[in-house]
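Residue numbers (this note's numbering): 173 to 260.
Cβ coordinates follow ideal geometry from the N, Cα and C atoms, glycine included.
Source: prediction; values computed, not measured.
Spelled out as structure tokens, the structure:
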């Protein structure tokens with residue numbers, strides 16, 4: 173599989189091409205989405221036992237939890253894109 177990887181903390185990575193959205197876990201719709209994903213077996217916990225701070229939604233209907241702030245994850249995603257633009 174080709175593509176860049178995004179570090180979501182504690183040695184866990186996600187392919188950037190799969191990421192649709194990075195959200196905070198506080199809102200009721202996101203909490204419902206998490207419950208549905210857990211029921212369907214589509215929830216991946218990448219928090220290493222820490223508090224969930226970011227919810228990563230993928231195009232393959234998997235939901236990934238991260239203990240890193242959404243802004244930090246998004247910055248890492250953006251930094252990879254900026255690095256590629258600078259190389260060209």
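- In this structure, residue 230 places its C-beta atom within 9 Å of the C-beta atom of residue 191.
- At the C-beta level, residue 196 and residue 223 stay beyond 9 Å of one another.
- Pairing residue 220 with residue 237, the inter-Cα distance amounts to about 10 Å.
- Taking the C-beta atoms as reference points, residue 176 is found nearer than 9 Å to residue 189.
- Inter-residue distance for residue 249 and residue 210 is about 25 Å (C-alpha atoms, whole angstroms).
- In the three-state reduction of the DSSP assignment, residue 202 falls in the helix class.
- By the criterion of a C-beta distance shorter than 6 Å, residue 181 is surrounded in its chain by 238, 239, 240, once the five residues flanking it on both sides are discounted.
- Sorting 242, 244, 243, 232 by C-alpha distance to the C-alpha of residue 187 places 232 at the top.
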